[in-house]
Amino acid sequence: MKIIVGSRGSKLALTQTKWVLNKIKEKNPHVDFEIKVIKTKGDKILDKALDKIGDKGLFVKEIEEALLNGDVDLAVHSMKDMPSALPEGLRFSHVTEREDHRDVIVLKEGIKSFQELPEGARIGTGSKRRKYQLLKARPDIEIVPIRGNVETRISKIESENLSGVILAAAGIKRLGIHEKMKDRIEYLSENLIVPAPAQGILALEIRDGDIELHGMIEKIRDKKTEVEAKAERAFLKGLNGSCHIPIGAYCSVLGDEIVMTGIYGDGEGQNILKAEISGSREEAEKVGKALADKLLEEMKRNEG
Numbered sequence: 007m008k009i010i011v012g013s014r015g016s017k018l019a020l021t022q023t024k025w026v027l028n029k030i031k032e033k034n035p036h037v038d039f040e041i042k043v044i045k046t047k048g049d050k051i052l053d054k055a056l057d058k059i060g061d062k063g064l065f066v067k068e069i070e071e072a073l074l075n076g077d078v079d080l081a082v083h084s085m086k087d088m089p090s091a092l093p094e095g096l097r098f099s100h101v102t103e104r105e106d107h108r109d110v111i112v113l114k115e116g117i118k119s120f121q122e123l124p125e126g127a128r129i130g131t132g133s134k135r136r137k138y139q140l141l142k143a144r145p146d147i148e149i150v151p152i153r154g155n156v157e158t159r160i161s162k163i164e165s166e167n168l169s170g171v172i173l174a175a176a177g178i179k180r181l182g183i184h185e186k187m188k189d190r191i192e193y194l195s196e197n198l199i200v201p202a203p204a205q206g207i208l209a210l211e212i213r214d215g216d217i218e219l220h221g222m223i224e225k226i227r228d229k230k231t232e233v234e235a236k237a238e239r240a241f242l243k244g245l246n247g248s249c250h251i252p253i254g255a256y257c258s259v260l261g262d263e264i265v266m267t268g269i270y271g272d273g274e275g276q277n278i279l280k281a282e283i284s285g286s287r288e289e290a291e292k293v294g295k296a297l298a299d300k301l302l303e304e305m306k307r308n309e310g
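Here is the structure:
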């Protein structure tokens, strides 16, 4: 049995896809996989900020089209890149264990930590979520917009004379960069930067009726990550999240309870709100939606 798998062509996307396929193969040795690389709009346009070329879905639309027309059977995405609603006919299968959810700063040689950044330091990121949270902590720094894959963005520390760049810890770890550059990497707590909803979680997308493939993926399902994904995706959906506005969320699973932190702001970063809510693990989606409602209400009050 052969399954065709759609993936972006970056080193990170292919590393993530191969990791998932090895996990599935361990539990389903009779299955073979073939990876089909698909270029997305987000991969083709690299000279503009993400919020200037479209909405969430910039890195998934073409892959979803290939799924719908039968060119591929499974797509592996970073779940943080996924729009809040999927196209009709597609669904998420089960989720695998989450990688590190945090953001990191990769520092210029000679700078020891975020706290030690010199006044007016230039920091690279293409994310409004990261930008406005960083500026809240350090209003003196200059944010420089950058795009590109993980390696490209790290190389811009030298080429654009930056003091550091902000990246997802998950990508750094999956590529093994955290070992090679450990002296220059600082992990940033959620108190400083709330991560993107579902950061570090992989989305395994299939066609609605593909029961057999869904059953295979169930063997590598991680129940804790499933709770986190449900809560954080419900939060994103509740805010109708896009890349035009800063949105972040992280769900901590503590036994039968969950604690959720979220941020929500306007496109210009004038108003960045943060809130926390707790509830039952069994009602993860309700908790995520309740946190979104709470922040929407607060934003309305502030604007009114």
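Residue 7 is where the sequence shown starts when you use the working numbering, and the numbers rise one by one after that. Every residue gets a Cβ at the ideal spot worked out from N, C-alpha and C, and that includes glycine.
| Asked | Found |
| --- | --- |
| Checking 8 Å against the spacing of the C-beta atoms, do residue 111 and residue 194 come in under that value? | yes |
| If I measure Cβ to Cβ from residue 179 and keep anything under 8 Å in the same chain, skipping five residues before and after, which residues do I get? | 105 and 106 |
| Classify residue 7: buried if its beta carbon has 16 or more other beta carbons within 10 angstroms, exposed otherwise. | exposed |
| Apply the 10 Å Cβ neighbour rule to residue 236 and answer buried if 16 or more other Cβ atoms are within range, or exposed otherwise. | buried |
| In its own chain, which residues sit with a C-beta less than 8 Å from the C-beta of residue 171, not counting the 5 before and 5 after it? | 111, 112, 129, 130, 131, 152, 159, 160, 162 and 163 |
| Starting from residue 83, trace the beta strand (DSSP E) in both directions and tell me its first and last residue. | 80-84 |
| Nearest-angstrom Cα distance between residue 202 and residue 134? | 11 Å |
| Along the alpha helix (DSSP H) that carries residue 8, what are the first and last residues, could you check? | Where residue 8 is concerned, there is no enclosing alpha helix (DSSP H), although the beta strand (DSSP E) it sits in stretches over 8-13. |
| State whether the stretch 286-296 contacts the stretch 216-223, with contact taken as three or more CB pairs (one from each stretch) at a distance under 8 Å. | no |
| So, under 8 Å CB-CB, residue 204 and residue 305 are touching, yes? Tell me the CB distance rounded to an integer number of Å. | 22 Å between Cβ atoms; not a contact. |
| Near residue 40, which residues of its chain fall below 8 Å by C-beta distance, leaving aside the five closest residues on each side in sequence? | 8, 9, 10 and 11 |
| For the alpha helix (DSSP H) holding residue 211, just list the boundary residues, first then last. | It is not in any alpha helix (DSSP H) - residue 211 instead sits in the beta strand (DSSP E) that spans 208-213. |
| Tell me the DSSP secondary structure of residue 142 in three-state form. | helix |
| To the nearest whole angstrom, what separates the beta carbons of residue 102 and residue 208, a pair I think is in contact under 8 Å? | 6 Å |
| Let me confirm a value: residue 83 is counted as buried when at least 16 other C-beta atoms fall within 10 Å, else exposed. Which label applies? | buried |
| For residue 46, collect the residues of the same chain with a Cβ closer than 8 Å to its Cβ; drop the 5 residues on either side in sequence, then sort them by chain order. | 14, 64, 65, 66, 67, 68 and 69 |
| CA-CA distance, residue 282 and residue 263? | 13 Å |
| For residue 108, name the three-state secondary structure that DSSP assigns. | coil |
| With a cut-off of 8 Å on the beta carbons, I'd call residue 312 and residue 138 a contact; round off their distance for me. | The question about residue 312 has no answer here: the residues shown for the chain are numbered 7 through 310. |
| Whose C-alpha, out of 259, 124 and 210, is nearest the C-alpha of residue 115? | 124 |
| Do residue 238 and residue 294 come within 8 Å of each other at the CB atom, strictly closer than that value? | yes |
| Could you spell out where the alpha helix (DSSP H) holding residue 253 opens and where it closes? | Not the alpha helix (DSSP H): residue 253 falls in the beta strand (DSSP E), residues 253-260. |
| Could you check the C-alpha separation between residue 228 and residue 126 for me, to the nearest Å? | 43 Å |
| If contacts are defined as beta-carbon pairs under 8 Å, then residue 298 and residue 245 qualify, I think. What distance do you get, rounded to the angstrom? | 5 Å |
| Please list, in chain order, all residues of the same chain as residue 21 whose beta carbon is under 7 Å from its beta carbon, the five residues on each side excluded. | 180 and 181 |
| Identify the continuous alpha helix (DSSP H) that holds residue 244 and give its terminal residues. | 229-244 |
| Drop a sphere of 10 angstroms on the beta-carbon of residue 273, count the other beta-carbons inside from all chains shown, and report buried for 16 or more, exposed for fewer. | exposed |
| Using the rule of at least 16 other Cβ atoms within 10 Å of the residue's Cβ for burial, across every protein chain shown, is residue 143 buried or exposed? | exposed |
| For residue 196, would you say it is in contact with chain C, using Cβ-to-Cβ distances shorter than 8 Å as the test? | No chain C is part of this structure, which consists of one protein chain only. |
| Give the DSSP bridge partners of residue 266, in chain order. | 257 and 283 |
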